[in-house]
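Step one of this worksheet: look at the structure below.
There are 2 protein chains.
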Amino acid sequence: MTTPTELYETHRELLDRAVKAARERDYWSAFPESPSKSVYGEDAAPSGERAFTALLGKTFPVEVPGAVGTVATERSPYGIELGISYPKADPLALVAAARAATPAWRAAGPYGRAGVAAEIIKRINARSFELAHAVQHTTGQAFVMAFQAGGPHAQDRALEAVAYALAASTRMPADAGWAKPQRGADPLRLEKTTTVVGRGVALVIGCNTFPTWNSYPGLFASLVTGNPVIVKPHPGAVLPLAITVQICREVLAEAGQSPDLVTLAAEEPGEGIAATLATHPDVRIIDFTGSSDFGNWLEANARQAVVYTEKSGLNTVIVDSTDDYKGLLRNLSFSLSLYSGQMCTTPQNILVPRDGIETDAGHKSFDEFGADLSAALGKLLGDPKRAAGTLGAIVNDGVLGRLTEAGASPSVVHPSAGVADEQYPHATIRTPVVVRLDAADDKTYTREWFGPVSFLIATDSTPASLALFVETVRAHGALTASVYSTSPDVLAAAREAALDAGVHLSENLTGGVFVNQTAAFSDLHGTGANPAATASLTDDYYVTGRFFALQSRHHVPAPESADA
Amino acid sequence: MTTPTELYETHRELLDRAVKAARERDYWSAFPESPSKSVYGEDAAPSGERAFTALLGKTFPVEVPGAVGTVATERSPYGIELGISYPKADPLALVAAARAATPAWRAAGPYGRAGVAAEIIKRINARSFELAHAVQHTTGQAFVMAFQAGGPHAQDRALEAVAYALAASTRMPADAGWAKPQRGADPLRLEKTTTVVGRGVALVIGCNTFPTWNSYPGLFASLVTGNPVIVKPHPGAVLPLAITVQICREVLAEAGQSPDLVTLAAEEPGEGIAATLATHPDVRIIDFTGSSDFGNWLEANARQAVVYTEKSGLNTVIVDSTDDYKGLLRNLSFSLSLYSGQMCTTPQNILVPRDGIETDAGHKSFDEFGADLSAALGKLLGDPKRAAGTLGAIVNDGVLGRLTEAGASPSVVHPSAGVADEQYPHATIRTPVVVRLDAADDKTYTREWFGPVSFLIATDSTPASLALFVETVRAHGALTASVYSTSPDVLAAAREAALDAGVHLSENLTGGVFVNQTAAFSDLHGTGANPAATASLTDDYYVTGRFFALQSRHHVPAPESADA
Chain A
39 MTTPTELYET
49 HRELLDRAVK
59 AARERDYWSA
69 FPESPSKSVY
79 GEDAAPSGER
89 AFTALLGKTF
99 PVEVPGAVGT
109 VATERSPYGI
119 ELGISYPKAD
129 PLALVAAARA
139 ATPAWRAAGP
149 YGRAGVAAEI
159 IKRINARSFE
169 LAHAVQHTTG
179 QAFVMAFQAG
189 GPHAQDRALE
199 AVAYALAAST
209 RMPADAGWAK
219 PQRGADPLRL
229 EKTTTVVGRG
239 VALVIGCNTF
249 PTWNSYPGLF
259 ASLVTGNPVI
269 VKPHPGAVLP
279 LAITVQICRE
289 VLAEAGQSPD
299 LVTLAAEEPG
309 EGIAATLATH
319 PDVRIIDFTG
329 SSDFGNWLEA
339 NARQAVVYTE
349 KSGLNTVIVD
359 STDDYKGLLR
369 NLSFSLSLYS
379 GQMCTTPQNI
389 LVPRDGIETD
399 AGHKSFDEFG
409 ADLSAALGKL
419 LGDPKRAAGT
429 LGAIVNDGVL
439 GRLTEAGASP
449 SVVHPSAGVA
459 DEQYPHATIR
469 TPVVVRLDAA
479 DDKTYTREWF
489 GPVSFLIATD
499 STPASLALFV
509 ETVRAHGALT
519 ASVYSTSPDV
529 LAAAREAALD
539 AGVHLSENLT
549 GGVFVNQTAA
559 FSDLHGTGAN
569 PAATASLTDD
579 YYVTGRFFAL
589 QSRHHVPAPE
599 SADA
Chain B
39 MTTPTELYET
49 HRELLDRAVK
59 AARERDYWSA
69 FPESPSKSVY
79 GEDAAPSGER
89 AFTALLGKTF
99 PVEVPGAVGT
109 VATERSPYGI
119 ELGISYPKAD
129 PLALVAAARA
139 ATPAWRAAGP
149 YGRAGVAAEI
159 IKRINARSFE
169 LAHAVQHTTG
179 QAFVMAFQAG
189 GPHAQDRALE
199 AVAYALAAST
209 RMPADAGWAK
219 PQRGADPLRL
229 EKTTTVVGRG
239 VALVIGCNTF
249 PTWNSYPGLF
259 ASLVTGNPVI
269 VKPHPGAVLP
279 LAITVQICRE
289 VLAEAGQSPD
299 LVTLAAEEPG
309 EGIAATLATH
319 PDVRIIDFTG
329 SSDFGNWLEA
339 NARQAVVYTE
349 KSGLNTVIVD
359 STDDYKGLLR
369 NLSFSLSLYS
379 GQMCTTPQNI
389 LVPRDGIETD
399 AGHKSFDEFG
409 ADLSAALGKL
419 LGDPKRAAGT
429 LGAIVNDGVL
439 GRLTEAGASP
449 SVVHPSAGVA
459 DEQYPHATIR
469 TPVVVRLDAA
479 DDKTYTREWF
489 GPVSFLIATD
499 STPASLALFV
509 ETVRAHGALT
519 ASVYSTSPDV
529 LAAAREAALD
539 AGVHLSENLT
549 GGVFVNQTAA
559 FSDLHGTGAN
569 PAATASLTDD
579 YYVTGRFFAL
589 QSRHHVPAPE
599 SADA
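Residue numbers (our numbering), protein chains in the order written: chain A, 39 to 602; chain B, 39 to 602.
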């Protein structure tokens, strides 16, 4: 057995570095994003693939307390047969097991818990290739993206949550002396102790598209602050979280803790286990990523819990002018294409003055801009192999349906097309559709069209674009916003507009940074200030609601009895 | 005009010291609690009294945007005629004025806002004697307590909230550079800016018994994090908050800000302005102190806001054994008597094994303990003048009603009696009642009996007392708990029980520290971990929900264009 305290000592340097990075918010990453042999070793890729293949067609080996039977609910967007089944959870048994595991976890203290968490994340990192295959074949992400976003980037976000949880839960000193001066008498003296106590059972509800990246922050923030965690995966993306839970349980048991501190809640689709768990009186923390419908339901109904949701919104681009027209088109077309727009951060509404914009390549009319954006998409996605690596596959029928609906519009600027994949002939791969709208068409563009659907919206002017941006994002939310302008006044106005709308802003991205990507330890994801999310990955608000600081106090023993 | 930034520079040393005290949580106080001439000056007491007297029978001079007419709702528990009226608020006008004032306040930044807050608190401190009279004649607190709890102690809690708000809202750097290494190319470089944005209009709902102490933390936490604040006083205790709002507005205007950042919402009793404001879509933060009924209503209905409530509960004392029996009796009888038990922290349920306890004065049976506690109360309150100074006056008829109801019990251990006051012949002053109950009488003792009503409850044993303590506090809440024992095992079990119950614990208080008193910068007040309160005064959780950190990011300009 390696105790939590010993694990803390083992990973102390990593944790200290992570806390420093979270404080300074400059560039730092603990886990290399390159799936190369020079980084992960000669055998990492093939052995990860073997590990994944060995899971196919079997019951996944993870213990679930009180499980009855199995469920198999996944299908690969790349068309391969998965056939993996999982123990079917009994929600009441999971809650009971979680509660029983809690007291020893409370006693482990924040440092011990952070040590356990760091060990878990390191072991997750060691299985990045296996996880990459699991993410690819449940989400439809192309392999390299599945490796990066589902592996090291998710691990960085996990470690970031650990760092915030550790820093916040140790900010109040565990012991403090208090001596109040008294006129003509000795001071009143007390010794005070502060103990971190978790809020209660935590529930993490995963999504279909980013099962690890979006679940890890809540999982690790709750765990480090003293809470047991029930992990409820999306029925379409169980495997990446099943592997994660398996690793958590293995490390917890080795550390002398109950493995039931982290359990897997797999269900048949439509069984409603998330709602059952979310309204259980002992479930006190909920992290959710997914649809606004269920997120809003959770916020309204899970009254006994603190609820952190990341839902959806109207990610907006304001185009005013540019001194790098090619860079703009290249950057924006890649943002629309990456993972077929199935990122919660993909731009949907592109606001352009109907009179056109000024660029380093001269004035561009609204229609010219649309044609140039379409040409840029064509260039980016012209080669099928490269296109497949950027687009990945369509995750489910809901996305396909919206793509078809948008494609039927009379004002398509760039039509969607199918792409063939050499390796996976049954993969469902589509290029994005871009549709021209007018500012008056708010019924269309104030809905979220999750997937590869974007709108080029003609506005009266850039100030009108900014006003529309503030109004729509305040009402419907957004996770990202970006602006292109050469005017310092417009940029200043866009910054104020983004503060009013409550969304983070990217300015003039024309190079290798994209509005839909955020870096752990530096970029916040979500704000809480608009309806798309209730909190930000990661800041103090995201972690401080997960624990309580409880004090005890007593008089300092008189000196003569101090050594009694 | 003195700008917010200049005010920050003026008070920088005080703010730095406060942030340090909040971090270290040892003894520190910014504002002397002694109402003596040597501290506050020869003329402070008489001039404070003159200022108070000058307010009687008039309309209080505070501007309220959109006010129509006036209201006069206060009566002194000491029987003097107040006759002060206040502008009657129009809730929609207050919200509109608050919103209009917000943008310039956001632009002032955390340091500027903390500077303004520090200036306000210093001016409040300078009017401590005037405020003491205002608190005495609205709450019934005796003068010295009204001075201390309503003045310097409340000011310390205000400064503590400022310190937490300032530290939390400046923890993320305002500017950060980010440089991501690229293989075979220059690093990707971004500059990132973080701006603190308030959540929205804040509402502070005051209580009748501690109008300043309980309102200041929320008021200042919201203000410093960038929010305008509407202060809704209890109709029975308007004056202390009207003076506070007057000072806020004066300082804000002098700092070039809109005074409507802080407004007073006075109403006729029963008008329901608190509920109207609390459910307004623009009201996004609520701080409430008062009854569980309305607190629970707010938590259930003010869905658009973060809600911080401090309600009521079953403050519990577990008596197991002592090596200072006289000290225990002296300390406990004072805790029951101070301000006639009208503190949210006064012990209600005193759990004693029915077989009695071991003490340094020999074994004491349950009945002997009751008789000795009654005798200690008699000794403490035997002299009417000293009794009046400890008890203060009964704040309202609700308290009197409960006192009468409890006094009619067949098992009164210590009966309540009236006390005459020399200075205020019409004051309503009563000593506490103590009633004997059995552990089976849970219907009686699981209700909160706010006021000078306590129960001596016979249990089967100390382990039974601890189990009863955990069960009742988990279900009904508590703000305080204390234990008396000479056994390290019992103390350890009591600490675990307090962690399970989610309440702070005081151990073996026999001297000059009382369970119902907490010191700013060191003792937390409330926990969030039981139903009595949703948060703690003051920790990071109490402040982090009041603001958002919004980022903007852009590429670093290329060197050749940096000075363009």
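From the three backbone atoms N, C-alpha and C, an ideal C-beta is built for every residue, glycine too.
Remember, predicted model here, so these are calculated numbers, not experimental data.
In this structure, residue 327 of chain B lies away from residue 586 of chain A, with their beta-carbon atoms at least 8 Å apart.
Here the alpha carbons of residue 209 of chain B and residue 455 of chain B stand approximately 54 Å from one another. Residue 251 of chain A: not part of any beta strand (DSSP E); DSSP gives it neither H nor E. Interface with chain A (8 Å Cβ-Cβ cutoff): residue 514 of chain B is excluded. Just so you know, the alpha carbons of residue 217 of chain A and residue 518 of chain B end up roughly 21 Å apart. Counting only the Cα atoms, residue 160 of chain A lies some 39 Å from residue 441 of chain A. Remark: fewer than three beta-carbon pairs, one from each stretch, lie closer than 8 Å, so the region 432-448 of chain B and the region 410-424 of chain B are not flagged as touching.
Shown here, residue 563 of chain B sits in a strand according to DSSP, grouped into three states.
Annotation for residue 583 of chain B: 344 place their beta carbon closer than 6 Å to its own, counting only its chain and skipping 5 residues before and after. Taking C-beta atoms as the reference points, residue 356 of chain A and residue 340 of chain A fail to come closer than 8 Å. If you look at residue 388 of chain A, you'll find it in the beta strand (DSSP E) that goes 387-391. Using a CB distance cut-off of 8 Å, residue 537 of chain A counts as an interface residue toward chain B. Chain-ordered, the chain A residues with CB closer than 7 Å to the CB of residue 579 of chain B read 582 and 583.
In this structure, residue 346 of chain B keeps its C-beta atom at 8 Å or more from the C-beta atom of residue 576 of chain B. As the crow flies, the alpha-carbon of residue 592 of chain A is around 11 Å from that of residue 533 of chain B. Taking 8 Å as the cut-off between beta carbons, the residues of the region 546-557 of chain B near chain A are 546, 547, 548, 549, 550, 551 and 557, in sequence order. If you draw a straight line from the Cα of residue 498 of chain A to the Cα of residue 141 of chain B, it comes to about 26 Å. Proximity of the region 257-276 of chain B to the region 295-303 of chain B meets the contact definition, three or more beta-carbon pairs being nearer than 8 Å. The DSSP assignment places 404-418, 422-429 and 435-445 as complete runs of the alpha helix (DSSP H) inside the region 394-449 of chain A, in order along the chain (cut-off: 4 residues). In chain order, 70 place their CB closer than 7 Å to the CB of residue 77 of chain B, counting only its own chain and leaving out the 5 sequence neighbours on each side.
In the three-state reduction of the DSSP assignment, residue 467 of chain A falls in the coil class, being assigned neither a helical nor a strand state. According to DSSP, residue pairing for residue 323 of chain B in a beta bridge involves B:240 and B:344. Looking from the CA of residue 378 of chain B, the closest CA among B:55, B:115 and B:59 belongs to B:115. The alpha-carbon separation between residue 199 of chain B and residue 510 of chain A amounts to approximately 35 Å. For residue 542 of chain A, the nearest beta carbon of chain B is closer than 8 Å to its own beta carbon.
Within the region 122-195 of chain A, the complete alpha helix (DSSP H) runs of at least 4 residues fall at 129-164, 166-177 and 181-188. For residue 294 of chain B against residue 250 of chain B, the beta-carbon gap comes to about 26 Å, at or over 8 Å, which does not count as contact.
Remark: C-beta atoms of residue 411 of chain A and residue 475 of chain A do not approach each other more closely than 8 Å. Collapsing the DSSP output to three states places residue 97 of chain A in a strand. Look at the beta carbons and you see the region 98-116 of chain B touching the region 464-484 of chain B: at least three pairs across the two are nearer than 8 Å. Per the C-alpha coordinates, the member of B:505, B:124 and B:149 positioned closest to residue 100 of chain B is B:124. The beta carbon of residue 83 of chain A is closer than 6 Å to those of 167 in its chain, skipping five residues each way along the sequence. DSSP lists no bridge partner for residue 576 of chain B. Looking from the CA of residue 309 of chain B, the closest CA among B:292, B:321, B:273 and B:569 belongs to B:273.
Residue 183 of chain A and residue 435 of chain A have their C-alpha atoms roughly 21 Å apart.
Around the CB of residue 179 of chain B, 16 or more other CB atoms lie within 10 Å, so the residue is classed as buried.
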